[in-house]
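J.:
Protein chains: 2
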Amino acid sequence: MAIAEIAGSSEARSGGAGTRLRSARAQAIHREILTAILEHKLPSSTRLPEDEIGALYNASRTIVRSALEALWHDGVVTIEPHRGAFVSRPTPREAEEVFQARMLIEPSLAARAAERIAPADIARLRLHLAEEEAANAAEDRHRAILLSGAFHTLIAEVADQAVLAGFVRELVSRSSLIVALYWRRREVTCDSHAHDRLVGALEARDGEGAASAMLRHIEELLSGLDLDAESRPAPALAEILRPVAG
Amino acid sequence: MAIAEIAGSSEARSGGAGTRLRSARAQAIHREILTAILEHKLPSSTRLPEDEIGALYNASRTIVRSALEALWHDGVVTIEPHRGAFVSRPTPREAEEVFQARMLIEPSLAARAAERIAPADIARLRLHLAEEEAANAAEDRHRAILLSGAFHTLIAEVADQAVLAGFVRELVSRSSLIVALYWRRREVTCDSHAHDRLVGALEARDGEGAASAMLRHIEELLSGLDLDAESRPAPALAEILRPVAG
DNA sequence: GCAGGCAGCGTTGTATACGATTTCGCCTTG
DNA sequence: CAAGGCGAAATCGTATACAACGCTGCCTGC
Numbered sequence: 017m018a019i020a021e022i023a024g025s026s027e028a029r030s031g032g033a034g035t036r037l038r039s040a041r042a043q044a045i046h047r048e049i050l051t052a053i054l055e056h057k058l059p060s061s062t063r064l065p066e067d068e069i070g071a072l073y074n075a076s077r078t079i080v081r082s083a084l085e086a087l088w089h090d091g092v093v094t095i096e097p098h099r100g101a102f103v104s105r106p107t108p109r110e111a112e113e114v115f116q117a118r119m120l121i122e123p124s125l126a127a128r129a130a131e132r133i134a135p136a137d138i139a140r141l142r143l144h145l146a147e148e149e150a151a152n153a154a155e156d157r158h159r160a161i162l163l164s165g166a167f168h169t170l171i172a173e174v175a176d177q178a179v180l181a182g183f184v185r186e187l188v189s190r191s192s193l194i195v196a197l198y199w200r201r202r203e204v205t206c207d208s209h210a211h212d213r214l215v216g217a218l219e220a221r222d223g224e225g226a227a228s229a230m231l232r233h234i235e236e237l238l239s240g241l242d243l244d245a246e247s248r249p250a251p252a253l254a255e256i257l258r259p260v261a262g
Numbered sequence: 017m018a019i020a021e022i023a024g025s026s027e028a029r030s031g032g033a034g035t036r037l038r039s040a041r042a043q044a045i046h047r048e049i050l051t052a053i054l055e056h057k058l059p060s061s062t063r064l065p066e067d068e069i070g071a072l073y074n075a076s077r078t079i080v081r082s083a084l085e086a087l088w089h090d091g092v093v094t095i096e097p098h099r100g101a102f103v104s105r106p107t108p109r110e111a112e113e114v115f116q117a118r119m120l121i122e123p124s125l126a127a128r129a130a131e132r133i134a135p136a137d138i139a140r141l142r143l144h145l146a147e148e149e150a151a152n153a154a155e156d157r158h159r160a161i162l163l164s165g166a167f168h169t170l171i172a173e174v175a176d177q178a179v180l181a182g183f184v185r186e187l188v189s190r191s192s193l194i195v196a197l198y199w200r201r202r203e204v205t206c207d208s209h210a211h212d213r214l215v216g217a218l219e220a221r222d223g224e225g226a227a228s229a230m231l232r233h234i235e236e237l238l239s240g241l242d243l244d245a246e247s248r249p250a251p252a253l254a255e256i257l258r259p260v261a262g
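So the sequences go chain by chain: G and A.
Per our numbering, the first sequence starts with residue 17, numbered consecutively.
Per our numbering, the second sequence starts with residue 17, numbered consecutively.
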């Protein structure tokens, strides 16, 4: 049930009042597609034709275009002129930059979250951890990956810094694509043990500890990526098919 | 002549290839309006009617809407459903967050820029400083303010971190609006002396120095703001007119 | 004389039609 | 039989028409 709000990426823009996305319907489509991407249901390079999406949601292309443009701004969709929209395929270079940005921003937010955390926030975080564990236990991979990203967004919100929280939301979204492409381990995607320790530090109002826990956590995520290999699918079929042709 | 590229906020999104904004014309309008905002020619709360803008650039509302939505994603335009688009009026709260974000991100970028700066970059920075001084000498306030923001974007680019550079571009844009609203001093907006020192540190490849110079510079900017007073115009006419009525 | 409602106007929200561009299959030709 | 070009289909890009909504000013009724 927390899922609905996970992809609500528009509040970040609204200074304080609820401006929302221009059109409620465009917002809904945006949310649906974003969630699907975060859940690894829509892999990189998937084509997103305006007509097809419009037919799916009974919306005109005008609405769909607006949603796709929003996804482009979020960094999870690439638009090629006269060709269409695709789920982005982050390059290794981009992947590294995204994680470097996270290592810079998120520890600082974690520290701030620790300083100003309220009992209600702790409850929210604990509940979230429970949901994560439940998803893992149920081997619901889609939901697990969605929640593990949402955890980071949640902390950014607890830190009560809307501007940086917006950045984190974007970075987390892009990270999801990156993990889908470059992850090499079999383990749980974002081992909730790390999240556990983080909540512990937050609860103890230990800013330093929260920051370093967050930093180590992100470093570990980055180290789980295989950014050297050109990874597997479709970076350029030539790379794969040439040996067969020769 | 460097102006043209200052507002080119789309490259930030393109992973490495030149995806650009969907429509060249929408991009042009986006650039024009953004530049006008950065130059303080379009003050906060200015209405931006689709028809009027379309007439100005001989573009249909479809194009204009796309440009306005992009400006909304940039954080410099607010869209109120069924009412229209306005130049954003950042709240004091938002202003503080923007500068806190900058104090977190930009010093780190400055340090990295110092490490990897090339002679060509130094030339670019020196040229930019000269332009800033020229604008100040000519008392061309509009251009001076534009260039002083562009300087920060330039450093982010030298640091060669596209992701963070995109964030900085947004933060700098929003800062421009904030400064227009809350600046209280008469001095030069972004005293180019600070920029001078920064370039010095960069040239010396002094990462630490560059970072601390950047931090102090932004702190100084923030301290030049008057975020307590509700500032002057139009926050709510009631505040101003009530004494007359009573 | 004042308050409430109603109507007209202006602006935005959405759908759709048409033109432009790319893509892919097919046909022609060497 | 292979290669190149041509044409149709599909899809995107843009303009425009119409509907919906909010605002303002007037008008009526109390």
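By construction, the Cβ of each residue, glycine as well, lies at the ideal position given by its N, Cα and C atoms.
Please state whether the Cβ-Cβ distance between residue 149 (chain A) and residue 61 (chain A) is less than 7 Å.
T.: One-based indexing of the second sequence puts residue 149 (chain A) at position 133. One-based indexing of the second sequence puts residue 61 (chain A) at position 45. Their beta carbons are not under 7 Å apart, which means residue 149 (chain A) does not touch residue 61 (chain A) by this criterion.
J.: Quick one: what does DSSP say residue 262 (chain A) is sitting in, helix, strand or coil?
T.: By 1-based counting over the second sequence, the position of residue 262 (chain A) is 246. Below a pLDDT of 50, predicted positions are generally treated as unreliable, and residue 262 (chain A), at 37, falls in that range; the measurement from the model is reported next regardless. Looking at residue 262 (chain A) - three-state DSSP - the assignment turns out to be coil, as it is neither helix nor strand.
J.: Taking the Cβ atom as the reference point for each residue, do residue 180 (chain A) and residue 121 (chain A) lie within a distance shorter than 7 Å?
T.: As a first step, residue 180 (chain A) is located in the second sequence; it is residue number 164 there, counting from the start. As a first step, residue 121 (chain A) is located in the second sequence; it is residue number 105 there, counting from the start. Yes, they are a contact pair.
J.: Taking the alpha-carbon of residue 192 (chain A) as reference, which of A:63, A:115 and A:127 has the nearest alpha-carbon?
T.: If you number the second sequence from 1, residue 192 (chain A) lands on position 176. The option with the nearest alpha carbon to residue 192 (chain A) is A:115.
J.: If I follow the unbroken alpha helix (DSSP H) through residue 169 (chain G), where does it start and stop?
T.: Against the first sequence, residue 169 (chain G) aligns to sequence position 153. Per DSSP, residue 169 (chain G) belongs to the alpha helix (DSSP H) from 157-174.
J.: I'd like the span of the alpha helix (DSSP H) that includes residue 78 (chain A), first residue to last.
T.: As a first step, residue 78 (chain A) must be located in the second sequence, where it is residue number 62. Start and end: 77-89.
J.: Quick one: measure Cβ to Cβ for residue 187 (chain G) and residue 118 (chain G), integer angstroms, because I've assumed they're closer than 8 Å.
T.: For the purposes of this step, residue 187 (chain G) is taken as the residue at position 171 of the first sequence. For the purposes of this step, residue 118 (chain G) is taken as the residue at position 102 of the first sequence. Rounded, the Cβ-Cβ distance is 5 Å, consistent with contact.
J.: Just to confirm, is the Cβ distance from residue 125 (chain G) to residue 166 (chain G) under 7 Å?
T.: Position 109 of the first sequence, counted from the first residue, corresponds to residue 125 (chain G). Position 150 of the first sequence, counted from the first residue, corresponds to residue 166 (chain G). Their beta carbons are not under 7 Å apart, which means residue 125 (chain G) does not touch residue 166 (chain G) by this criterion.
J.: Answer yes or no: does any C-beta atom of chain G fall closer than 7 Å to that of residue 43 (chain A)?
T.: Counting from 1 along the second sequence, the entry for residue 43 (chain A) is found at position 27. For residue 43 (chain A), the answer is no, since every Cβ of chain G falls outside 7 Å of its Cβ.
J.: Would you grab the beta carbon distance between residue 100 (chain G) and residue 190 (chain G) for me? Rounded to a whole angstrom, and I think it's under 8 Å.
T.: Counting from 1 along the first sequence, the entry for residue 100 (chain G) is found at position 84. Counting from 1 along the first sequence, the entry for residue 190 (chain G) is found at position 174. Wrong, their Cβ atoms sit about 20 Å apart, outside the cutoff.
J.: Classify residue 152 (chain A): buried if its beta carbon has 16 or more other beta carbons within 10 angstroms, exposed otherwise.
T.: Indexing the second sequence from 1 puts residue 152 (chain A) at position 136. With 16 or more other Cβ atoms within 10 Å, it is buried.
J.: Please report the distance separating the alpha-carbon of residue 15 (chain A) from that of residue 112 (chain A).
T.: Not covered by the structure: residue 15 (chain A). The range shown for chain A is 17 to 262.
J.: Are the C-beta of residue 38 (chain A) and some C-beta of chain G separated by less than 7 Å?
T.: Here residue 38 (chain A) is taken as the residue at index 22 of the second sequence, counted from 1. So yes, residue 38 (chain A) belongs to the interface.
J.: List, in chain order, every chain G residue whose beta-carbon is nearer than 7 Å to that of residue 183 (chain A).
T.: The residue labelled residue 183 (chain A) in the question sits at position 167 within the second sequence. Under the 7 Å cutoff, chain G gives 183.
J.: Exposed or buried, residue 87 (chain A), counting other C-beta atoms within 10 Å across all chains shown (16 or more means buried)?
T.: Locating residue 87 (chain A) in the second sequence gives position 71, where the first residue counts as 1. Result: buried.
J.: Going along chain G in order, which residues have a C-beta closer than 7 Å to the C-beta of residue 79 (chain A)?
T.: As a position in the second sequence, residue 79 (chain A) is number 63, starting the count at 1. By Cβ distance, chain G contributes nothing, its closest Cβ being about 12 Å from residue 79 (chain A), past 7 Å.
J.: Alpha carbons only, please: which of G:68, G:213, G:39 and G:178 is nearest the one belonging to residue 83 (chain G)?
T.: Within the first sequence, numbered from 1, the residue matching residue 83 (chain G) stands at position 67. Closest option to residue 83 (chain G), Cα to Cα, is G:39.
J.: Does residue 103 (chain A) have its Cβ less than 7 Å from a Cβ in chain G?
T.: Here residue 103 (chain A) refers to the residue found at position 87 when the second sequence is read from its first residue. No, residue 103 (chain A) does not count as interfacial toward chain G.
J.: Which term fits residue 89 (chain A), buried or exposed, when burial requires 16 or more other beta carbons within 10 angstroms of its beta carbon?
T.: By one-based count along the second sequence, residue 89 (chain A) stands at place 73. Flag for residue 89 (chain A) reads buried.
J.: Beta carbon of residue 170 (chain A), beta carbon of residue 103 (chain A): below 7 Å?
T.: Numbered from its first residue, the second sequence carries residue 170 (chain A) at position 154. Numbered from its first residue, the second sequence carries residue 103 (chain A) at position 87. Taking 7 Å as the Cβ cut-off, residue 170 (chain A) and residue 103 (chain A) do not qualify as a contacting pair.
J.: DSSP three-state label for residue 243 (chain G), please.
T.: For the purposes of this step, residue 243 (chain G) is taken as the residue at position 227 of the first sequence. Looking at residue 243 (chain G) - three-state DSSP - the assignment turns out to be coil, as it is neither helix nor strand.
J.: With the cut-off set at 7 Å, would you say residue 123 (chain G) and residue 231 (chain G) are in Cβ contact?
T.: In the first sequence, the residue the question calls residue 123 (chain G) occupies position 107. In the first sequence, the residue the question calls residue 231 (chain G) occupies position 215. Going by C-beta atoms, residue 123 (chain G) is nearer than 7 Å to residue 231 (chain G).
J.: Can you give me the C-alpha to C-alpha distance between residue 263 (chain G) and residue 141 (chain A), rounded to a whole angstrom?
T.: A query on residue 263 (chain G) cannot be resolved here, the shown segment of chain G reaching from 17 to 262 and no further.
J.: If you draw a straight line from the C-alpha of residue 67 (chain G) to the C-alpha of residue 159 (chain G), how long is it?
T.: The residue you call residue 67 (chain G) lines up with position 51 of the first sequence. The residue you call residue 159 (chain G) lines up with position 143 of the first sequence. Their backbone Cα atoms lie some 28 Å apart in a straight line.
J.: Pull up the distance between the alpha-carbon of residue 146 (chain G) and that of residue 229 (chain G), whole angstroms please.
T.: Indexing the first sequence from 1 puts residue 146 (chain G) at position 130. Indexing the first sequence from 1 puts residue 229 (chain G) at position 213. Residue 146 (chain G) and residue 229 (chain G): Cα-Cα distance of roughly 19 Å.
J.: Please list, in chain order, the chain G residues whose beta carbon lies closer than 9 Å to that of residue 114 (chain A).
T.: Translated into the one-based positions of the second sequence, residue 114 (chain A) becomes position 98. The answer, in chain order, is 179.
J.: With DSSP run on the structure shown, which of helix, strand or coil describes residue 72 (chain A)?
T.: Translated into positions along the second sequence, residue 72 (chain A) becomes position 56. Helix at residue 72 (chain A).
J.: Establish whether the CB of residue 146 (chain A) and some CB of chain G are separated by less than 7 Å.
T.: Translated into the one-based positions of the second sequence, residue 146 (chain A) becomes position 130. Chain G, which has no Cβ nearer than 7 Å to the Cβ of residue 146 (chain A), makes this no.
J.: CA-CA distance, residue 43 (chain A) and residue 110 (chain A)?
T.: For the purposes of this step, residue 43 (chain A) is taken as residue 27 along the second sequence, with counting starting at 1. For the purposes of this step, residue 110 (chain A) is taken as residue 94 along the second sequence, with counting starting at 1. Roughly 27 Å separates the two Cα atoms.
J.: Can the beta-carbon of residue 226 (chain G) be found less than 7 Å from the beta-carbon of residue 217 (chain G)?
T.: Against the first sequence, residue 226 (chain G) aligns to sequence position 210. Against the first sequence, residue 217 (chain G) aligns to sequence position 201. Yes, these two residues count as a Cβ contact at 7 Å.
J.: Taking Cβ-Cβ distances below 7 Å as the criterion, which residues of the region 119-134 of chain A are in contact with chain G?
T.: The region 119-134 of chain A vs chain G, Cβ under 7 Å: 120, 121 and 124.
J.: Could you spell out where the alpha helix (DSSP H) holding residue 51 (chain A) opens and where it closes?
T.: For this step, residue 51 (chain A) is matched to residue 35 along the second sequence. Counting along the chain, the alpha helix (DSSP H) containing residue 51 (chain A) begins and ends at 40-54.
J.: Between residue 196 (chain A) and chain G, is there a C-beta pair that is closer than 7 Å?
T.: In the second sequence, counting from the first residue as 1, residue 196 (chain A) sits at position 180. For residue 196 (chain A), the answer is no, since every Cβ of chain G falls outside 7 Å of its Cβ.
J.: Report all residues from its chain with a CB closer than 8 Å to the CB of residue 235 (chain G); omit the five preceding and five following residues, and keep chain order.
T.: For this step, residue 235 (chain G) is matched to residue 219 along the first sequence. These residues qualify, in order along the chain: 119.
J.: Ignoring anything shorter than 4 residues or poking outside the region 84-144 of chain G, list the alpha helix (DSSP H) runs there in chain order.
T.: Runs found: 108-132.
J.: How big is the Cα-Cα spacing for residue 183 (chain A) and residue 69 (chain G)?
T.: Residue 183 (chain A) sits at position 167 when you count from the first residue of the second sequence. Residue 69 (chain G) sits at position 53 when you count from the first residue of the first sequence. If you take the alpha carbons of residue 183 (chain A) and residue 69 (chain G), they lie about 30 Å apart.
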